[in-house]
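Numbering (the UniProt record's numbering), first residue to last: 1 to 168. Backbone N, C-alpha and C fix where the C-beta goes; we use that ideal spot for every residue, glycine too.
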């Protein structure tokens with residue numbers, strides 16, 4: 001009989017090879033980036049990134065700007081998907097106005113009812129033009145964050161935050 005000796009196990013290094021270590025670092029960076037995008041309090045969360053893309057497409061879509069080849073290429077790439085995103089999002093038109101419950105320097109607050117669910121909400125409509133004209137738009141981000149992240153029965157919770165050109 002031909003019996004072979006069992007092979008001796010070679011001692012393995014406790015540190016991973018350079019390629020595996022590099023992949024681990026890449027995975028760690030990827031997880032951190034994904035965490036930032038998923039965190040609703042992050043300035044680069046999914047909603048903010050999509051809003052930025054929509055705003056950029058809307059603000060660049062003028063004939064004079066489209067003469068720039070880079071802008072035109074950007075718009076050709078993203079304007080269809082942005083249009084589709086806007087069609088899928090909630091809109092002011094999805095609600096019936098019950099009555100105006102407040103007016104301010106930048107807009108109005110309305111009591112509205114969702115056309116399908118019939119649930120009542122307070123909707124605050126701000127005039128982007130008025131806010132930019134007065135160079136005082138920082139407050140509305142603070143107000144939005146307070147309403148979105150506060151955990152208090154005394155603070156109204158934000159369900160959706162939309163920016164529109166308001167016709168007044």
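- DSSP places residue 44 outside any alpha helix (DSSP H), giving it a letter other than H or E.
- Secondary structure at residue 116: coil, using DSSP grouped into helix, strand and coil.
- In the structure shown, residue 105 falls within a coil segment according to DSSP collapsed to helix, strand and coil.
- Here the alpha carbon of residue 81 sits roughly 16 Å from the alpha carbon of residue 71.
- Under DSSP, the beta-bridge partners assigned to residue 123 are 110.
- Shown here, residue 61 sits in coil according to DSSP, grouped into three states, outside any helix or strand.
- Boundaries of the alpha helix (DSSP H) harbouring residue 69: 69–88, taken from the DSSP string.
- As DSSP reads the structure, residue 92 sits in no beta bridge.
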